[in-house]
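What follows is a set of notes on a single structure, which appears directly below.
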Amino acid sequence: MLSVTVNPLKPPFSSAFLNPLNNHSLHSPLPKTSLKPISAVFSPSGQSQQQPQYQNQNQQQQQQLYRPFRPPPSTPLTSQFHSLDTANRLEILANRLGLWFEYAPLIPALTREGFTPSSLEEATGISGVEQNRLVVAAQVRDSLVQSTSNDPELLASFDLGGAELLYEIRLLSAQQRAAAARYIVDNKLDAKGAQDLARAMKDFPRRRGDKGWDSFDYGIAGDCLSFMYYRQSREHTNPSEERTSALELALEVAKSEKAKNRVLEELKGANEGKGGEEGIESGVRVPVVRLKIGEVAEASRVVVLPVCRDEEREIGVLDAPRECRSEGEFGVVAAEKGWKRWVVLPAWEPVAGLGNGGVVVSFVDARVLPWKANRWYNEEAILVVADRSRKEVAADDGFYLVAIDSNGEGLKVERGSALKEKGVTESLGTVVLVVRPPREETDDQLADEDWE
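Just so we're aligned, residue 37 is where the sequence shown starts under the numbering used here, counting upward by one.
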């Protein structure tokens, strides 16, 4: 006869973990486990004596209660709301009694009592989206109370309708929020303006290395916004009304003298004809842009283009489908023939008007570009967007997609002047845009203490 002693394991968590908001002790939802050893007797007849033990464990699992975790509120209730019952709290929310940041903490308090966003909306008329906006904006305001304690007038500027504005700067650090809040008040921005400002400040460190980046001050909110417009201007051909308009906006919001001078030089065309890092600096009409993380999802219009690899050579460019259109009420994308690889890009001006001739070639690095060599050429892959409907080598300062040799062993980008010297009059397509991949930096990530 074999006797086995089994020590039961303690539960990995207690009811106090499931509901950390209560300071008093709670009864555990798990049945009490016996501390006495359990003996299992091995019977030669082959009949197991452990079946009751397994049945008991199954019954215990079925009896466990599900309690969803509800986080504690980051903004405590004010003294005037502590003594109110549920009905009165609902009435305050339904009638918007008080300032928005005063009654916003009632939403998480009622959520802990069992209300859901839908049931709260039914009881108060506040939609789930607005509930989230109020709670998050109140948290942002609390962080501003700490960082701008000596500026009560700044906080008072958000007392009426400030939830929509403060909600837009939620992803910024505590220090950035203070600068953004001051800029919003001084320039009387609306919710869309606050959103653009927050995106510009968040995106600025990720653009390190882009043309003109070092001329703008990261610590100045206006300079961050100015650089966003400055970068957007480079996505348009020069000269064009869109490019000039973006540069005028950049000049209007720029604060530092260095940033203003940089934008003025661009407006006056001081950089045209000079050697530089990228195409526009060399007087070439080919923008080089870095795709931002999430930029495609935020774009109001996008384009879908076929992609071929460099090693697919000339035949890949020629075989890529030319026609890609949207069909039906849902805008289903349909191509003239099957193709394995596609890319979705924002409908920037250079690619929006490609029509049926657009194609994208992916290169493992940027050494195929005939421009001044840079460090990132060996570090990053690129996408070269070309227009196959414009094959003629017409402009000396234009860029064209060509095969490296007569056998089509690989592809590269060549200047029009260099091709004309070789007697080449036709290419695979005119290059209209070069796209660099998104880059996620770690030096601008929020620290734990920055989250409020």
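Ideal Cβ placement from N, Cα and C applies to all residues, glycine included.
Measure the C-alpha to C-alpha separation of Asn307 and Arg377 and round it to an integer number of angstroms. Here residue 307 refers to the residue found at position 271 of the sequence shown. Here residue 377 refers to the residue found at position 341 of the sequence shown. With a pLDDT of only 43 at Asn307, under 50, the local geometry of the prediction cannot be trusted, and the value read off the model is given with reservation. Answer to the nearest angstrom: the Cα atoms are 37 Å apart.
Let's test the definition: count the other Cβ atoms within 10 Å of the Cβ of Glu284 and tell me whether it reaches 16, buried, or not, exposed. As a working mapping, residue 284 is identified with position 248 in the sequence shown. Exposed, because fewer than 16 other Cβ atoms sit within 10 Å of the Cβ of Glu284.
Quick one: is Thr160 buried, meaning 16 or more other Cβ sit within 10 Å of its Cβ, or exposed? Residue mapping note: residue 160 aligns to position 124 of the sequence shown, counting from 1. Buried, because 16 or more other Cβ atoms sit within 10 Å of the Cβ of Thr160.
I believe Leu146 touches Ile128 by the beta-carbon criterion, under 8 Å. Please report the beta-carbon distance rounded to the nearest angstrom. Taking the first residue of the sequence shown as position 1, residue 146 is located at position 110. Taking the first residue of the sequence shown as position 1, residue 128 is located at position 92. That belief does not hold up - the Cβ atoms of Leu146 and Ile128 are roughly 10 Å apart, past 8 Å.
Mind listing, in chain order, the continuous alpha helix (DSSP H) runs of no fewer than 4 residues lying wholly within the segment 108 to 193? 115 to 118, 122 to 131, 136 to 139, 142 to 148, 153 to 160, 164 to 183, 188 to 192
Can you tell me the Cα-Cα spacing of Ile329 and Leu156, whole angstroms? Start at 1 with the first residue of the sequence shown, and residue 329 comes out as number 293. Start at 1 with the first residue of the sequence shown, and residue 156 comes out as number 120. So the two alpha carbons sit approximately 35 Å from each other.
Measuring CA to CA, which of Ala439, Leu381, Glu457, Phe137 is closest to Ala199? Here residue 199 corresponds to residue number 163 of the sequence shown, with the count starting at 1. Nearest C-alpha to Ala199: Phe137.
C-alpha gap between Gly229 and Arg345, whole angstroms: Residue 229 sits at position 193 when you count from the first residue of the sequence shown. Residue 345 sits at position 309 when you count from the first residue of the sequence shown. In a straight line, the C-alpha of Gly229 is about 40 Å away from that of Arg345.
Within 8 Å of any Cβ in chain B, is that where the Cβ of Asp423 sits? Of the protein chains in this structure there is only one, and it is not chain B.
Report, in whole angstroms, the separation of the C-beta atoms of Ala234 and Ile256, which I expect to be a contact under 8 Å. Looking up residue 234 in the sequence shown gives position 198. Looking up residue 256 in the sequence shown gives position 220. With 8 Å as the limit, Ala234 and Ile256 do not qualify as a contact, their Cβ atoms being about 15 Å apart.
Roughly how far, in whole angstroms, is the beta-carbon of Glu385 from the beta-carbon of Glu462, given that I think they are within contact range, below 8 Å? Here residue 385 refers to the residue found at position 349 of the sequence shown. Here residue 462 refers to the residue found at position 426 of the sequence shown. About 26 Å; that fails the 8 Å criterion.
Would the beta-carbon of Val289 fall within 8 Å of that of Ser262? Position 253 of the sequence shown holds residue 289. Position 226 of the sequence shown holds residue 262. The answer is yes: Cβ separation under 8 Å.
Taking Val343 as the reference, which of Val404, Leu208, Val471 has the closest Cα? The residue given as residue 343 occupies position 307 in the sequence shown. Minimum Cα distance to Val343 is reached at Val471.
Sequence-distant residues of its chain with Cβ nearer than 7 Å to Ile162 (five each side left out): The residue you call residue 162 lines up with position 126 of the sequence shown. Hits under 7 Å: Leu129, Leu156.
Return helix, strand or coil for Arg426, following the three-state DSSP convention. Numbered from 1 along the sequence shown, position 390 holds the residue referred to as residue 426. Three-state result, Arg426: coil.
Would you kindly check if the distance between the Cβ of Val429 and the Cβ of Ala460 is under 8 Å? Residue mapping note: residue 460 aligns to position 424 of the sequence shown, counting from 1. Residue mapping note: residue 429 aligns to position 393 of the sequence shown, counting from 1. According to the sequence provided, residue 460 is Val. The question's Ala does not apply to it. Closer than 8 Å, so yes.
Rounded C-alpha distance that separates Cys360 from Ser154: The sequence position of residue 360 within the sequence shown is 324, counting from 1. The sequence position of residue 154 within the sequence shown is 118, counting from 1. Those two C-alpha atoms are separated by around 42 Å.
In terms of residue numbering, what span does the alpha helix (DSSP H) encompassing Ala216 cover? What you label residue 216 is simply residue 180 of the sequence shown in a count that begins at 1. Unbroken alpha helix (DSSP H) run through Ala216: 210 to 223.
Test item: CB-CB of Val369 and Leu341 under 8 Å: Indexing the sequence shown from 1 puts residue 369 at position 333. Indexing the sequence shown from 1 puts residue 341 at position 305. In this structure, Leu341 does not lie closer than 8 Å to Val369 by Cβ.
Okay, do the segment 235 to 245 and the segment 269 to 278 touch, 3+ Cβ pairs below 8 Å being the bar? no
Consult DSSP for Pro406 and reduce its assignment to one of helix, strand or coil. In the sequence shown, residue 406 corresponds to position 370, counting from 1. In the structure shown, Pro406 sits in coil (DSSP, three-state: anything other than H, G, I, E or B).
From the DSSP secondary-structure annotation, give me the bridge partner or partners of Lys448. Position 412 of the sequence shown, counted from the start, is the residue given in the question as residue 448. Val438.
Are Val339 and Val404 close, meaning C-beta to C-beta below 8 Å? Position 303 of the sequence shown, counted from the first residue, corresponds to residue 339. Position 368 of the sequence shown, counted from the first residue, corresponds to residue 404. Against a cut-off of 8 Å, the Cβ pair of Val404 and Val339 comes out as no contact.
Look at the alpha carbon of Arg426 and the alpha carbon of Gly465, and state the distance between them as a whole number of angstroms. Sequence index remark: in the sequence shown, residue 426 carries index 390 (1-based). Sequence index remark: in the sequence shown, residue 465 carries index 429 (1-based). The alpha-carbon atoms of Arg426 and Gly465 are separated by roughly 6 Å.
What does DSSP give as the partner residue(s) for Trp378 in the beta ladder? Along the sequence shown, one-based indexing puts residue 378 at 342. Looking at the DSSP assignment, Trp378 forms a beta bridge with Pro342.
Nearest-angstrom Cα separation, counted from Pro406 out to Ala333: Counted from its first residue, the sequence shown places residue 333 at position 297. Counted from its first residue, the sequence shown places residue 406 at position 370. Taking the straight line from one Cα to the other gives about 32 Å.
Length of the line joining the Cα atoms of Ala227 and Leu201: In the sequence shown, residue 227 corresponds to position 191, counting from 1. In the sequence shown, residue 201 corresponds to position 165, counting from 1. Straight-line Cα distance between these residues: approximately 5 Å.
When DSSP labels each residue in this structure, what does Thr280 get in the three-state scheme? For the purposes of this step, residue 280 is identified with residue 244 of the sequence shown, where counting begins at 1. Helix at Thr280.
Suppose contacts are defined by Cβ-Cβ distances below 8 Å. Is Ser251 in contact with Ala282 by that definition? To locate residue 251, count along the sequence shown from 1; it is residue 215. To locate residue 282, count along the sequence shown from 1; it is residue 246. No, they are not a contact pair.
Between Trp356 and Trp375, which are expected to be in contact by the criterion C-beta below 8 Å, what is the C-beta distance as a whole number of angstroms? The sequence position of residue 356 within the sequence shown is 320, counting from 1. The sequence position of residue 375 within the sequence shown is 339, counting from 1. For the sequence presented, residue 356 should be read as Ala rather than Trp. With 8 Å as the limit, Ala356 and Trp375 qualify as a contact, their Cβ atoms being about 7 Å apart.
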